[in-house]
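Protein chains: 2
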Amino acid sequence: MQQDPKAFLRHLFYEAVEAALPKNKIRAYLPSPPPEGGRVVVIGAGKASAAMAQELEACWHGPLTGLVVTRYGHGADCKHIEIVEAGHPLPDETGAKAAQTILELVKDLGENDLVIGLFSGGGSALLPMPQDDISLNEKQQINRALLLSGASIGEMNCVRRHLSQIKGGHLAKACAPARIVNLLISDVPGDAPSTIASGPLVGDATTCADALEILERYRIAISSRIRAGLTSGQFETVSPEILDTQSIHTHVIARTQLSLEAAANAAQSMGVSAHILGDSLEGEARDVGRVHAGIAAQVLNHQQPFSSPCVLLSGGETSVTVKGNGRGGRNVEFLLSCLLACEAGSNIYALAADTDGVDGLEEIAGAVFGPDSFKRAKAMGLNPLEFLKRNDGHSFFEALGDQIITGPTRTNVNDFRALLIGWER
Amino acid sequence: MQQDPKAFLRHLFYEAVEAALPKNKIRAYLPSPPPEGGRVVVIGAGKASAAMAQELEACWHGPLTGLVVTRYGHGADCKHIEIVEAGHPLPDETGAKAAQTILELVKDLGENDLVIGLFSGGGSALLPMPQDDISLNEKQQINRALLLSGASIGEMNCVRRHLSQIKGGHLAKACAPARIVNLLISDVPGDAPSTIASGPLVGDATTCADALEILERYRIAISSRIRAGLTSGQFETVSPEILDTQSIHTHVIARTQLSLEAAANAAQSMGVSAHILGDSLEGEARDVGRVHAGIAAQVLNHQQPFSSPCVLLSGGETSVTVKGNGRGGRNVEFLLSCLLACEAGSNIYALAADTDGVDGLEEIAGAVFGPDSFKRAKAMGLNPLEFLKRNDGHSFFEALGDQIITGPTRTNVNDFRALLIGWER
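From first to last, the protein sequence lines stand for chains U and Y.
Numbered according to this note's numbering, the first sequence spans residues 42 to 466.
Numbered according to this note's numbering, the second sequence spans residues 42 to 466.
See below:
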């Protein structure tokens, strides 16, 4: 490896993002066209969905119509598929109206028609349709209470699906008897289709009783209307058995693991062995950073569990308990902590960035550091510990000139982290 | 591997502890006896030091005298070396008096005399001797302030050494011109001799200026007396250059890495490949637990970065931000979180325990769980999340019958964690 190690890590990140783009991914899963007279309707929601629609148009031969919803600023030019930009992470009326339109689009389809679903992370908030007599606001309150309760993401999704008229397979049922090809870009641990955008086109094995038990376990206050809907079974989602009678093909076309493997292949083709620690590592970002630094130290000191030089790769969504008022994000928080835990000057380079191009609230994907960073920061009078304390990672790496800025990538397979250890000059 | 997987993990832990015991470790580092007429004086402090003294007596031929300090309850029978039990983690007057006696013991030694030092984790608190006109209480206040400040363990140790009249090489200087053989059991990341028990027999490269800078960086309030001592250089520790003129041989006879390697060898001899992630992993215990679970999931789902079945091993001291009032400790906190993060029923067994036999405040070393634990807990009406919230790991694993209780092991190489993944029945 001849090049600058920070440039090397940036290259791995770009390879990871590239592997998650709809480009070159849709073609392999292109369904056969419908028989003579059959219509093609494209529906979808998510941060990547406009880009998916654009790519689908580029490789589809024949007529198609449809509508997909994406986040404000994540749109893309399409000729036949209508692109709606709506609110995320907080749902808004534009998204609610788009959800209605999508249900309208599929309501009178026949056996010869084909529905192509384009869903990705963020699709749940972008396609809100609460059960009758439940307000968007009430649903959001329950979401927030669940977030604070310690419930797992799987438990939260179970409740969400049962409070929706479009998720948990309802949209698939509305498409019947049309054939469905469901293309997904996953940002969730485990990549279960029922959890990506809350699975509008996927059967849901959980029940109203499960949702009620979760709400009770975490002592979440609910209105009598919600209680009645869950107790009576009125809010039941669509079980996989019901959808089995329909022709539905689901493909996860991009996911964290594939992006990590693309980065690993890129490293290996440049002569550096790469090891994937996990595609769904979770935990407080600063502690996940310390563990990564600890494993890197083991490589340097004992050539365990891997020999150096090598790259450690990981994905998955960490969390940040915000205590300060700085400009932060999960990835720069991870990096600051990792930098502090690496002994000053040890031969470790690290990059962490969000594959959607946004780490935190600003259009900054993440950052990169090297053995020089600690010393350079000190010379500039910057103490990384102080920046970490006030959750101000973006300011720190901006001052060092080590930010990674991509703009919206129009895809999302969550966080990407890479540590280069024992680089030989 | 034919046996019960939990028994297998317990076996690995016992092998790790065994590898850290003074037994069989002292003999290899036994110094040559002094010339005719030379005396042998044994001094030391730490949780393992009485056991080290006992083993030294068992293999030493010839006369010896001395005194070592250990924690209350960690004593051992010795014939020639006096064993004093004193306060830890809070120093007390018994420890202060023992420190005085130890300095007395070495003050008139000659070139033909031999000092054998037996130091281990805990020795810093057990051997208190603040600089003149500084009270034990004042030193403890500074310690507490540093602990809350976010200062690294290295920075805290630098300050501690400069506020002591016996650490940071002072004891070694007092032994001059005698020959010194310094035997250490390490519980610190990196195993630097100057940080084990604050290095009474080891030169210290840091200066009063360093200590003052650290106190100022973390805005720790100090008395004018301490400021004067540090500013004037009166509190200077003994630099390695000064001690170079003495004959001092330092050996770390047991440390986390050696215990992890012993456990790895035991696993491998039973046909299970083992991988050491790190000998000094640090971070909030529950987050370190989630990362371990995430790596285990990667092994199960993708056979990366290791193929299953395998054992992941790690050491080093995690931390717990106590929020509840349960019966907890670092290791059971790690385990509860790891259990919650493992998908229910996935083929993962985990053990975490402190090699000194005490995880938290009770004489319980740690615990072990398996794929059945979640279901068994549920059947008993126990929700691991609730136990984690109130830092009540010992109660949880007690109810399941999965505690690990060893009694005081009389050694200490910090925490030990092992995950067995993909065990084949």
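Just so it is clear, CB atoms sit at the ideal spot from N, CA and C, and this is done for glycine as well.
Contact annotation, Thr-362 (chain Y) with Glu-323 (chain Y): C-beta distance approximately 13 Å; criterion of less than 8 Å not satisfied. At the C-beta level, Val-329 (chain U) and Cys-216 (chain U) stay beyond 7 Å of one another.
Chain-order list of chain Y residues neighbouring Pro-346 (chain U): His-316, Ile-317, Leu-318, by C-beta distance under 7 Å.
DSSP lists U:Thr-111 as the bridge partner or partners of Glu-126 (chain U).
Within the region 189-201 of chain U, contact with chain Y at the beta-carbon level (separation under 7 Å) is assigned to Gly-191. For the 7 Å CB-CB criterion, Leu-53 (chain U) and Ala-459 (chain U) form a contact. Ranked by how close their Cα comes to the Cα of Gly-319 (chain Y), the residues Y:Asp-285, Y:Gly-356, Y:Phe-49 have Y:Gly-356 in first place. The region 229-248 of chain U and the region 284-301 of chain U touch, with no fewer than 3 CB-CB distances between them shorter than 8 Å. In the DSSP assignment, Thr-272 (chain Y) falls within the alpha helix (DSSP H) that extends over 265-273. Among the residues facing chain U, Gln-44 (chain Y) is not included, as its CB has no counterpart in that chain under 7 Å away. Among the residues of chain U, those whose CB is under 9 Å from the CB of Lys-430 (chain Y) are Gly-191, following chain order. Annotation for Val-340 (chain U): Phe-347, Ser-349, Ile-462 place their beta carbon closer than 6 Å to its own, counting only its chain and skipping 5 residues before and after.
Unbroken alpha helix (DSSP H) runs of no fewer than 4 residues, entirely contained in the region 168-224 of chain U, are found at 177-190, 194-203, 211-216, following chain order. Along the region 338-362 of chain U, going in chain order, the ones with a CB nearer than 7 Å to a CB of chain Y are Ala-338, Gln-339, His-343, Gln-345, Pro-346, Gly-357. Each residue's CA atom was taken as its position, placing Gln-275 (chain U) and Cys-249 (chain U) some 8 Å apart. In the three-state reduction of the DSSP assignment, Val-83 (chain U) falls in the strand class. Those residues of the region 276-289 of chain Y placed with their C-beta closer than 7 Å to a C-beta in chain U do not exist. Apart from sequence neighbours up to five positions away, the residues of its chain that approach Ala-60 (chain U) with a beta-carbon distance below 6 Å are Leu-299, Ser-300, Ala-303, ordered along the chain. Three or more pairs of CB atoms, one per stretch, sit closer than 8 Å, so the region 390-410 of chain U contacts the region 432-441 of chain U. Put simply, the region 410-420 of chain Y touches the region 378-388 of chain Y. At least three CB pairs are less than 8 Å apart. Looking at U:Ala-307, U:Ser-387, U:Ala-393, the one whose alpha-carbon comes closest to that of Asn-455 (chain U) is U:Ala-393.
Scanning U:Asn-432, U:Glu-77, U:Leu-177 for the CA closest to the CA of Arg-201 (chain U) turns up U:Leu-177.
When C-beta distances to chain U are compared with 9 Å, the residues of the region 394-426 of chain Y below that value are Asn-424, Leu-426, in chain order. Pro-132 (chain U) places its beta carbon 7 Å or farther from that of Pro-75 (chain U). Scanning its chain for C-beta atoms nearer than 7 Å, with the 5 sequence neighbours on each side dropped, one finds around Asn-366 (chain Y) the residues Arg-431, in chain order. Separation of Ile-124 (chain U) and Asp-400 (chain U) (C-alpha to C-alpha, rounded to the nearest whole angstrom) is 25 Å. Under DSSP, Gln-444 (chain U) takes part in a beta bridge, and its partners are U:Ala-408. Contact between Ser-161 (chain U) and Ser-205 (chain U) is absent: CB atoms are separated by about 17 Å, not below the 8 Å threshold. Here Asp-173 (chain Y) is exposed, its C-beta having fewer than 16 other C-beta atoms within 10 Å.
Here DSSP, grouped into helix, strand and coil, assigns His-121 (chain Y) to coil. Residues of chain U with a Cβ closer than 7 Å to the Cβ of Gln-298 (chain Y) are, in chain order, His-343. For Ile-336 (chain Y), the nearest beta carbon of chain U is closer than 7 Å to its own beta carbon. Non-local beta-carbon contacts of Val-222 (chain Y) in its own chain, meaning distances under 6 Å to residues more than five positions away in sequence, involve Pro-72, Ile-157, His-290 in chain order.
When beta bridges are read from the DSSP output, Thr-291 (chain Y) appears opposite Y:Asn-223. In the DSSP assignment, Ala-69 (chain U) falls outside any beta strand (DSSP E), carrying neither H nor E. Under the Cβ distance rule, Arg-331 (chain U) counts among the residues neighbouring chain Y, one pair being separated by less than 7 Å.
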